[in-house]
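Asks: Numbering (UniProt numbering), first residue to last: 1 to 350. One structure coming up, written as structure tokens, with questions to follow.
Structure representation (structure tokens):
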């Protein structure tokens with residue numbers, strides 16, 4: 001198989017490292033450039049010990065990277081740092097495809113981006129070329145895209161479980177309450193007091209209540225599906241003391257006489273041919289243990305004891321399907337490869 005030369009921006013972060021882990025077993029990828037400004041000049045094995053037995057390029061600074069030498073770039077940088085680099089690559093290296101795992105191109109409206117991230121969008125001329133990288137819902141667009149904006153981890157779990165229901169008009173999209181929980185890796189690798197072991201361990205903590213930035217993505221996509229531009233959802237995330245994993249519980253009001261069984265049948269039909277989305281049997285409840293380390297999503301619909309309502313639960317690995325795995329899935333589509341290539345590993349249990 002002919003190799004595709006790949007660069008990874010931000011290879012020293014959790015999502016960048018998981019992308020490297022997956023790419024190392026991808027038969028079509030040649031990891032050529034790895035950047036990490038704070039660790040520039042170091043071997044990857046010095047930054048992540050689990051790479052001690054593999055041969056990888058040394059980490060370099062972004063300024064030293066030669067993007068003309070690669071066919072694709074995965075961006076795992078913090079928000080606000082990808083736009084200028086993507087714009088530069090667009091201008092100077094038109095053959096290079098960009099798969100962005102940051103938030104910089106997810107929101108179609110630059111004004112909405114500024115509202116939620118507090119920064120001016122500095123690449124508005126290429127924003128219209130960005131395809132929202134929710135693979136199962138934008139597959140055709142992703143296949144022809146040069147710039148793919150991968151969704152956040154929370155939006156991926158929520159949207160995969162709710163978009164088919166909103167599109168079919170089975171739920172009242174003005175009355176959605178989402179309870180979300182994520183492992184500590186979702187906060188990134190940087191040193192933060194609230195993610196220290198003694199602060200995060202043996203406890204459960206809500207955060208960014210009423211103002212989490214992923215709300216904007218959820219509202220953008222469910223609003224588009226239901227034709228409501230001013231949609232608002234109730235979303236509360238929580239930090240749970242485990243390394244990886246994510247679970248979202250969405251409480252929805254049924255529309256048009258639909259039932260929980262109708263919602264489940266709609267999801268089964270919507271994802272019948274999708275390799276990574278599993279709608280569980282009966283009333284089996286999704287658990288993070290079902291998807292750990294994999295690109296799979298497990299979802300189910302449970303009737304609520306309150307008439308006219310249902311509970312939709314979804315779980316994924318925030319670093320794989322919620323980030324690096326979905327990015328690799330989109331890469332496969334963009335290069336005409338089998339969508340599952342390099343992502344066939346089953347969940348790790350226990």
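The beta-carbon is built from N, C-alpha and C at its ideal position, and this holds for glycine as well.
#1: So, for residue 348: in the same chain, excluding its five sequence neighbours on each side, which residues have a beta-carbon less than 8 Å away from its beta-carbon?
#2: Are the beta-carbon atoms belonging to residue 262 and residue 170 less than 8 Å from one another?
#3: Indicate the three-state DSSP secondary structure (helix, strand or coil) for residue 339 in the structure shown.
#4: Under 8 Å, do residue 107 and residue 216 count as touching if we go by C-beta distance?
#5: Looking at residue 79 and residue 102, is the spacing between their C-beta atoms short of 8 Å?
#6: By how many angstroms is the C-alpha of residue 305 removed from the C-alpha of residue 283?
#7: Please work out which residues of its chain come closer than 8 Å, Cβ to Cβ, to residue 143, disregarding the five sequence neighbours upstream and downstream, and give them in chain order.
#8: On a Cα-Cα basis, can you pick out the residue from 32, 172, 17, 250 that is closest to residue 258?
#9: Starting from the C-beta of residue 132, find all residues in its chain whose C-beta is less than 6 Å away, skip the five residues before and the five after it, and write them out in chain order.
#10: For the region 200 to 218 against the region 105 to 124, do three or more pairs of beta-carbon atoms, one drawn from each stretch, fall closer than 8 Å, so that the two count as touching?
#11: Does the region 197 to 213 touch the region 302 to 318, meaning 3 or more C-beta pairs lie closer than 8 Å?
#12: Based on DSSP bridge pairs, tell me the residues matched to residue 5.
#13: From residue 208 to residue 251, what does the alpha carbon distance come to, in whole angstroms?
#14: Taking just the CA atoms, how far does residue 117 sit from residue 224?
#15: Curious, which full-length alpha helix (DSSP H) runs of at least 4 residues does the region 9 to 74 contain?
#16: Between the region 4 to 24 and the region 65 to 82, are three or more C-beta pairs nearer than 8 Å?
#17: Determine the contact status of residue 227 and residue 318, defining contact as a CB-CB distance below 8 Å.
#18: What do you reckon, are the CB atoms on residue 152 and residue 76 nearer than 8 Å?
#19: Tell me whether residue 206 sits in a helix, a strand or coil according to DSSP, three-state version.
#20: Straight-line CA distance for residue 329 to residue 33?
#21: Quick check on the DSSP output: the beta strand (DSSP E) that includes residue 420 runs from which residue to which?
#22: Identify the continuous beta strand (DSSP E) that holds residue 315 and give its terminal residues.
#23: Buried or exposed, going by whether 16 or more other CB atoms sit within 10 Å of the CB of residue 326?
#24: Given residue 145, which residues of its chain have a CB within under 7 Å of its CB, disregarding the five upstream and five downstream residues?
#25: Quick check on this structure: which residue in 154, 346, 193 has the alpha carbon closest to the alpha carbon of residue 354?
#26: Would you call the region 20 to 34 and the region 83 to 98 touching, i.e. three or more CB-CB distances under 8 Å?
Replies: Taking the structure as given:
#1: In the chain shown, counting from the first residue as 1, residue 348 sits at position 348. The beta carbon of residue 348 lies closer than 8 Å to those of 292, 293, 294 in the same chain, with the five residues before and after it left out.
#2: The count along the chain shown starts at 1 and reaches residue 262 at position 262. The count along the chain shown starts at 1 and reaches residue 170 at position 170. Closer than 8 Å, so yes.
#3: Looking up residue 339 in the chain shown gives position 339. DSSP places residue 339 in coil when its eight states are reduced to three.
#4: Against the chain shown, residue 107 aligns to sequence position 107. Against the chain shown, residue 216 aligns to sequence position 216. In contact: residue 107 and residue 216 (Cβ atoms closer than 8 Å).
#5: As a working mapping, residue 102 is identified with position 102 in the chain shown. As a working mapping, residue 79 is identified with position 79 in the chain shown. Cβ atoms of residue 102 and residue 79: closer than 8 Å.
#6: Translated into the one-based positions of the chain shown, residue 283 becomes position 283. Translated into the one-based positions of the chain shown, residue 305 becomes position 305. Roughly 14 Å separates the two Cα atoms.
#7: In the chain shown, residue 143 corresponds to position 143, counting from 1. Closer than 8 Å at the Cβ level, and outside the excluded window around residue 143, lie 333, 334, 336.
#8: Within the chain shown, numbered from 1, the residue matching residue 258 stands at position 258. Checked all of 32, 172, 17, 250; the closest Cα to residue 258 is 172.
#9: For the purposes of this step, residue 132 is taken as the residue at position 132 of the chain shown. Excluding sequence neighbours, residue 132 sits near 138, 149.
#10: Taking 8 Å as the limit for Cβ pairs, the verdict is that the region 105 to 124 does touch the region 200 to 218.
#11: No, the region 302 to 318 is not in contact with the region 197 to 213.
#12: Counting from 1 along the chain shown, the entry for residue 5 is found at position 5. In the DSSP assignment, residue 5 is bridged to 30.
#13: Here residue 208 is taken as the residue at index 208 of the chain shown, counted from 1. Here residue 251 is taken as the residue at index 251 of the chain shown, counted from 1. Residue 208 and residue 251: Cα-Cα distance of roughly 19 Å.
#14: Numbered from 1 along the chain shown, position 224 holds the residue referred to as residue 224. Numbered from 1 along the chain shown, position 117 holds the residue referred to as residue 117. Inter-residue distance for residue 224 and residue 117 is about 21 Å (C-alpha atoms, whole angstroms).
#15: As for any alpha helix (DSSP H) of minimum length 4 sitting wholly inside the region 9 to 74, the runs are 14 to 23, 44 to 47, ordered along the chain.
#16: Two segments are said to touch when three or more pairs of C-beta atoms, one from each, lie closer than 8 Å; by this definition the region 4 to 24 touches the region 65 to 82.
#17: The sequence position of residue 227 within the chain shown is 227, counting from 1. The sequence position of residue 318 within the chain shown is 318, counting from 1. Contact flag unset, no.
#18: To locate residue 152, count along the chain shown from 1; it is residue 152. To locate residue 76, count along the chain shown from 1; it is residue 76. Against a cut-off of 8 Å, the Cβ pair of residue 76 and residue 152 comes out as no contact.
#19: Counting from one through the chain shown, the residue named residue 206 turns up at place 206. Strand at residue 206.
#20: As a first step, residue 329 must be located in the chain shown, where it is residue number 329. As a first step, residue 33 must be located in the chain shown, where it is residue number 33. About 20 Å.
#21: Since the displayed the chain opens at 1 and closes at 350, residue 420 lies outside it and no answer follows.
#22: Mapped onto the chain shown, residue 315 falls at position 315. First-last of the beta strand (DSSP E) with residue 315: 309 to 316.
#23: Taking the chain shown and counting its residues from 1, the one referred to as residue 326 is at position 326. A buried status is given to residue 326, since no fewer than 16 other beta-carbon atoms sit within 10 Å of its beta-carbon.
#24: Position 145 of the chain shown, counting from 1, holds the residue named residue 145. The answer, listed in chain order, is 131, 334.
#25: A question about residue 354 goes unanswered here, because the residues of the chain that appear run from 1 up to 350.
#26: No, because fewer than three Cβ pairs between the region 20 to 34 and the region 83 to 98 fall closer than 8 Å, the two stretches do not touch.
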